[in-house]
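A.B. asks:
In this note's numbering, the protein residues as written are 13 to 185.
1. Looking only at DSSP bridge pairs, what is residue 91 linked to?
2. Alpha carbon to alpha carbon, how far is residue 93 from residue 72? Give it in angstroms, no decimals.
3. Could you spell out the range, first to last residue, of the alpha helix (DSSP H) harbouring residue 187?
4. Between residue 86 and residue 77, what straight-line distance do the alpha-carbon atoms span, to the nearest angstrom?
5. If you reduce the DSSP assignment to three classes, tell me which class residue 124 lands in.
6. Anyone know if the C-beta pair for residue 117 and residue 174 falls short of 8 Å?
7. Taking 8 Å as the cut-off, decide whether the C-beta atoms of residue 152 and residue 102 are in contact.
8. By the DSSP assignment, the alpha helix (DSSP H) with residue 46 in it spans what residues?
9. Relative to the alpha-carbon of residue 65, which residue among 172, 165, 36, 177 has its alpha-carbon at the smallest distance?
10. Three-state secondary structure (DSSP) at residue 171?
11. Using the C-alpha atoms, what's the distance from residue 125 back to residue 182?
12. Round the Cβ separation of residue 187 and residue 159 to the nearest angstrom and send it over; I've been treating them as touching at under 8 Å.
13. Confirm, please, whether the CB-CB distance from residue 154 to residue 74 is below 8 Å.
14. Do residue 42 and residue 61 have their C-beta atoms closer together than 8 Å?
15. With H, G and I counted as helix, E and B as strand and the rest as coil, what does DSSP make of residue 83?
16. Quick check: what's the CA-CA separation for residue 33 versus residue 147?
17. For residue 26, name the three-state secondary structure that DSSP assigns.
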C-alpha cells in the first residue's frame, strides 16, 4: 500500500515542480491526479468517519442515567477515583489531575501524529500544511467537552492510529 502512496507522492512532487508558479493549474492537475488514482481528502478522513458512530455511542452511554430501564452501572465505574461519566467542568480537586493527564497525553499524541503521520516524500503546502499541523490537536479540544470515558477512548484510539500508521509504514516499506 505504501508503495502506491510513494508513487502518488512522486507524481504530486512532479506536478508541483511543473506547475508550482501557477496555483490554479496546479490545483486542477492535483484534483485530476487524485480522481484518477482514486484518492483524495475524503479517503484520508475515512478512519475518522468509521470511528464516529462508536464514539457517538460511547458518548451516549455515559450521558444516559438508565439503560433499558435500569440504572447505568457504567456511570459508577472509575478511573483513578474519578467516575467515568464525569465531565471536566464538573470535576473538583484531585480529579483535575486525571483530566489534565489525559489532555496532556492527547496533546503529546497530537504532537507525535503531526510529525510521524505525514505523507511520505513531499511536504504539504498551503491549507494542507495548516490542516496537518492543527487537526491532530482537535481531539484535545473535543476531550474538554466529553465525559472522562470518551476522553479515554480518544486517547486510546488516537494512540492506536498513530502506532498503526508508523508500524505499517515500517513493515510495508
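From the three backbone atoms N, C-alpha and C, an ideal C-beta is built for every residue, glycine too. As the structure is a computational prediction, the values presented were derived from the model and not from experiment.
C.D. replies: On the basis of the data shown:
1. Paired residues: 94.
2. Between the C-alpha atoms of residue 72 and residue 93 there is a straight-line separation of about 21 Å.
3. This structure gives no information on residue 187, because the portion of the chain shown stretches from 13 to 185.
4. Going from the Cα of residue 86 to the Cα of residue 77 covers about 9 Å.
5. The three-state secondary structure of residue 124, taken from DSSP, is helix.
6. Contact flag unset, no.
7. No; because the gap between Cβ atoms is not below 8 Å, this pair is not in contact.
8. Annotation: the continuous alpha helix (DSSP H) that includes residue 46 extends over 35-49.
9. When each option's Cα is compared against that of residue 65, the closest is 165.
10. In the three-state reduction of the DSSP assignment, residue 171 falls in the helix class, which pools H, G and I.
11. Distance from the CA atom of residue 182 to the CA atom of residue 125, rounded to whole angstroms, is 15 Å.
12. This structure does not reach residue 187, given that the chain is present from 13 up to 185, and the question cannot be answered.
13. No.
14. Using a Cβ distance threshold of 8 Å, residue 42 and residue 61 do not count as a contacting pair.
15. Correct three-state label for residue 83: strand.
16. When rounded, the distance between both Cα atoms is 27 Å.
17. DSSP, read as helix, strand or coil, puts residue 26 in helix.
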